[in-house]
Every structure is written in C-alpha cells, then in structure tokens.
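Below is one structure, written out as structure tokens; comments come after it.
In my numbering, the protein residues as written are 1 to 649.
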C-alpha cells in the first residue's frame, strides 16, 4: 500500500534553508529575508526558536543531517511492602523536560517583529516503488522527529497542517488500519471490522441519541504501548479515536459521528496491584467496579472501592464521565478517588499525571483535567485509585411520604443535621408503581407513594444512632411507616426496589417503545421545585415517566417511555427534557450530574457555562489535541463543522 506523503516539514536548518532552490523548500511572504538574515547570525548549534508555530533548529553549516532522540522513562508504583499484591505488570511512560524558545532573535535580524516563516512545505515522497518496510521506517522517522520537537515544550507539535480542517477519508482510514496492523506485528486479533462489532461500538440502546455513523474498525489493545501505537498512527492519518470500556453511557459518549477507530479495552482488565497498607489499587480501564470489590473481598483486604454507578460500568468510563452513584452523598464522585492516571495523548505520547501519595501540591492538578473529559483530551490506560475501609455495620431503611415535597423536605433536614448516611435516594409514586408492575421484587408489594431509601454505615452504635435520628426527622415531615432492616436479608429486600428501578422500567416496554433516561442536578433545596414542575409538564404532555435519584446531593434521573417510531411523541420528549435542563440551569444547577455531556448535551453545556467558558475548554482541547482526533464531537463541536441535526438531551 503506497504511503500517504507527509506534507509539512517540522524542522528546518536555517543555514541550509537560506538556499531555497537547493533545499527544495518553499518559503512564503517575508520568510526569505528572515531566513537569509538569521542564517548569518552566530547562533549556537541546536538552539531552538519558534516562529509562528514552527520550531526552527539552527545547525552548523557543515551538518548534512540531523538526528532526534526520544527518551521515555518507564516507572512502576510497585514497592517491596509485604501488603502489596501484584497482579500484573503495566509500564507507564513519562516525558522528559519542558523548555521553550523565542522568535525575537530571528525577527530582529530582518528588522521586523513577530512575523516570518509563514509556511514551510517539504518535498513529497518521490518514489512510489518503496518497499512497505521503507515506507514504515520513513513514517517512524517522521514520528520521531515530531516527538523530539514535542518534548522540548511538553506539548504535541503544532504547525499549519494541524490547522487544516477535516478528518481522514474512508480510504485513508483503511490505510491507517493497515499501518496499525503492520506496526503491531501483524497480530490478527488486534483489529476487527466485523459489522456486528462496529454496530456495538457505535450504537447504544442505552443512549438517548445515536449519530448515524459507525466506526470503521475496533481495536483491541493489550497494554499502554499498543494504545500509544494505535493513537500515533491515527494522529498521523487524522483518524478519530474513540475510547470504549463498559459501553453503558447514556449521552452518546462513545458514538463515532466521524467514523474512526474505537479502542475497546476488553483485554486491559487487570487489577495490577493492591496496596493494602496504603489503601490504594492500580487498575486498567476495563476493570468493572463490582469485579474490583469482589477481588478485594476475596483477598481479605477489608477495603472496597465506594463509587457505585450502574452495575456493568467500568473504571475507564467512570473516569471519563466523573460518574457517581448511590454512595455519592457520603463518598463523593469519581474525581475524589483518583490518585494518578497513565494517559496516552493525541500524538501517542505517554504521561503519568503524578506519583502515588494521597496529596500533592506539585504542579497542575492534571487528574482534574482528564477526569470528566470523556476521552477528549487523552486516553486513560491505567489508574491508581483510593480505597475505603469496609464499614463495620450497615443497615437500610425505607419510608414513604404523601408528596415529593414532603420527601424532599425530610431529605434536606437529614443533610442539614449532618447525619452521615451512606445513601439517600428518592423514587416517585410512578417509579414505585413501575417496580410493582414488573414483579421484580415479588412477593413484596410497595406503597405507591414518593419514597426515600436510606443506607447507614459505621460502628454498630453509630448506625443505631443514625437510624433513630432519621426516624424522628421523617416523622416530623409526615413520613409513613418507617421500615428498618434488622439483618442482611432484610437489607437486600428493602433495597431491592431501588436496585431494580431501571430494569423495571425497561421491562415494561412494548414493541417499538424506548426509554429516554437523562439527569440533572440542582442545589438540594431546589430539588422538590424542579421535580414538581417536570412531573406536571410530563403529565400535561401525556408522557409516561418516572423520577428517581440521589436526593442527598440534588441529582435526579428522569426516565421517559415513548414510541420511538412516533416522531411527534419523540418531539414531546425532547421538549420536556430541554425544559427540565433549562430549569435546572436557572436554579443554578447543571445539565448533567453524572452522565456526562457526550454528543447529546453540547447545547446544554453552552446554556450552563456560556460560550466564553466553552471557549476555554476548546483552547485546552486544541493545545492537547490540535488535530481534534480524540473522541471528536463530544462535549463541544469540532471547530470546523457545526453539527446539524443532533438532539440535545
């Protein structure tokens, strides 16, 4: 397969470039006098300068070629502590030093300021008869040149070709696939183009929105280095890259609106190391949180990972969306449990965000940059996570109320009394009826009223005290029968309605029906207001919808059943969801508490934070991913194409 020629030069010898005809380098504007003058300057060999985005490296005139060296340091967080359990090895890369150059020395020599090399174009590859190996070596050398330049300032190299718009064509994407297979040693199982695989990685029945496009291939790497190779090739060819772990996202987060390659971490599912004494664990992105907790229990660590979203969620996606779950009211969200990350950047560079202590004030907090970025800034291939001690005692209680407002008032009183409940959940009367209709908790039949679900954790005496305090508060807010579990069996029974809530709704679907699930969050004092308004609007539109959520932190979910074949009914759902999002933002809330922005809530993000703030996000994106290949179209539109027809949910 012929090589796709590289069309931009990344470095230029000033002395050599002065003779443009001999070097076959084309210079535009005032570049010629700038280069000619600068070539005569007594500049030390190897000193880097920047001019309008180009790194120009002066060399001695006698030099006929240059070499670049890339140094990558592998680091391991493992130690000799007897409490550390190593499950697998996974090297992580860190980049070497950061420095920068200046444009003034070049500009001053030509008597101008800040204007010079406007474009540098290298000759195209002349030979079409090169062997595959030679083409491969040329590309690797080009990549090494870029890597050398990048490591001077710590960022992917940016030049005019990075400002060119558009992604690779389908034919070019196929060429990238061939290059990936070649660079990974012709491993047969590393790439799949099976239509069923492509559909599974581009369409989700969970998601409220699904773009029409599918990925052109699915890659199945086994380690960080393979991920870096895949990303580096995709960067070279301008091929979109979409990370995929559990596939449970709800806002089109892993969709492939521009084609590209989906990276499925199915084979990167190792618990690499458990550090019992330090209460942390090192994992790969395809480890499920439930599997992690099962392994920690099996090892007898007395520790657990407390972030608990949907049961099939995996660490990679949990980091990408900064997810939470029922435990969030006590344990917080994903960002609170990440110690460090190994990340592959858009050009294949591997970085580690920080070391392993629980606190650090060294430099920027890069964890916060990547957690919640939905794979748009870098691809997480390894994470070190904090662990918590398994509580000595747990229990569950359930109580119903005459209205949502009474239930919300009781929940607010519990929070204001600083009672350290582990979970505080709400389900409205419709959701309680859905659970009864599904039969999933039979023979138990629930009172079909707004209901609060509590989990308590701590010492035996502490749990007893929490239960007594909560019981008094709920009674003061017209709570009904307060059911308190006396043993583990009763705990499972009382919590079963909350556990089966989503599945109960899905079980009631008829042929052609779908469920639109979305979330918002508001200050918890406003939760009753937004729920009441949303429920009234859904009733007026004749929509069958239920509400449940994490009332302790003001986050709730709306599940709306509708006929997906009926365009008018879907339009009603879209209008209802948009109104709910707008109302949440008016109440100083957010368009999403834990699902992420993805493809579906980009417009909502603009409503929430404004174009200036989204502009800052875009600037960060551009600095780390100048070709915009990492999960493009998520969180914000690609800069050269305002997408039409996507639904904002």
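Think of the CB as a built atom: it goes at the ideal place given N, C-alpha and C, for glycine as much as any other residue.
Predicted model, so just to flag it, every value in this text is computed and none were measured.
Within the stretch 592-618, complete beta strand (DSSP E) segments of at least 3 residues are not found at all. Every beta strand (DSSP E) stretch that sits fully inside the stretch 550-576 and reaches 3 residues is listed by chain position as 555-563. Three or more beta-carbon pairs drawn from the stretch 480-495 and the stretch 388-399 are found closer than 8 Å, and the two stretches are therefore classed as touching. Scanning 379, 501, 446 for the CA closest to the CA of residue 480 turns up 446.
If you check the CB distance, residue 330 and residue 414 do not come in under 8 Å. Taking 8 Å as the upper bound for CB-CB distance, residue 516 and residue 208 are in contact here, some 5 Å apart.
Under the three-state reduction of DSSP output, residue 234 falls in the helix class. In the structure shown, the three-state DSSP call for residue 336 is helix. Taking the CA atoms as reference points, residue 563 sits about 28 Å from residue 590.
Of the residues 623, 624, 618, the one whose Cα lies closest to the Cα of residue 633 is 618. For residue 474, the enclosing alpha helix (DSSP H) covers residues 460-476. Excluding five sequence positions before and after residue 498, the CB atoms of its chain that fall closer than 8 Å to its own CB belong to 326, 425, 427, 453, 548, given in chain order. Secondary structure in the stretch 207-265: the beta strand (DSSP E) runs of 3 residues or longer, each lying completely within the stretch, are 217-219, 241-244, 261-264 in chain order. Taken through DSSP and simplified to helix, strand or coil, residue 628 comes out as coil. In its chain, beyond the 5 residues on either side, 333, 594 have a beta carbon closer than 6 Å to the beta carbon of residue 324.
In this structure residue 204 does not touch residue 245 by the C-beta definition: roughly 13 Å separates them, more than the 8 Å allowed. Taking a 10 Å sphere around the C-beta of residue 284, we find 16 or more other C-beta atoms and assign the residue as buried. Secondary structure of residue 535 (DSSP, three-state): helix. Going by DSSP, residue 328 is part of the alpha helix (DSSP H) stretching over 328-331. The beta carbon of residue 257 sits closer than 6 Å to the beta carbons of 211, 213, 633 from its chain, once the five residues preceding and following it are set aside; these are given in chain order. Between the stretch 404-414 and the stretch 470-487, the count of C-beta pairs closer than 8 Å reaches three or more; the two stretches touch. Distance between residue 230 and residue 357, taken at the CA atoms: about 31 Å.
Only residues of its own chain outside the window of five on either side were considered, and among them 218, 220, 244 have a CB closer than 6 Å to the CB of residue 264, listed in chain order. Ranked by Cα distance from residue 365, the options 608, 180, 374, 338 are led by 338.
Here residue 629 is near residue 241, since their CB atoms are less than 8 Å apart. In the three-state reduction of the DSSP assignment, residue 372 falls in the coil class.
Measuring C-alpha to C-alpha distances from residue 353 to each of 328, 381, 347 identifies 381 as the nearest. Following the DSSP letters along the chain, one finds residue 428 in no beta strand (DSSP E), marked with neither H nor E.
Under the DSSP assignment, residue 196 falls in the alpha helix (DSSP H) whose first and last residues are 195-200. A direct Cα-Cα distance of roughly 22 Å separates residue 235 from residue 599. In the three-state scheme derived from DSSP, where H, G and I count as helix and E and B as strand, residue 314 is classed as strand. For the pair residue 624 and residue 346, the CB atoms are nearer than the 8 Å cut-off. Secondary structure of residue 542 (DSSP, three-state): coil.
The beta carbon of residue 389 lies closer than 7 Å to those of 302, 303 in the same chain, with the five residues before and after it left out.
Take the alpha-carbon of residue 539 and the one of residue 247: they are about 32 Å apart.
In this structure, DSSP gives residue 448 a state outside helix and strand, which the three-state scheme calls coil.
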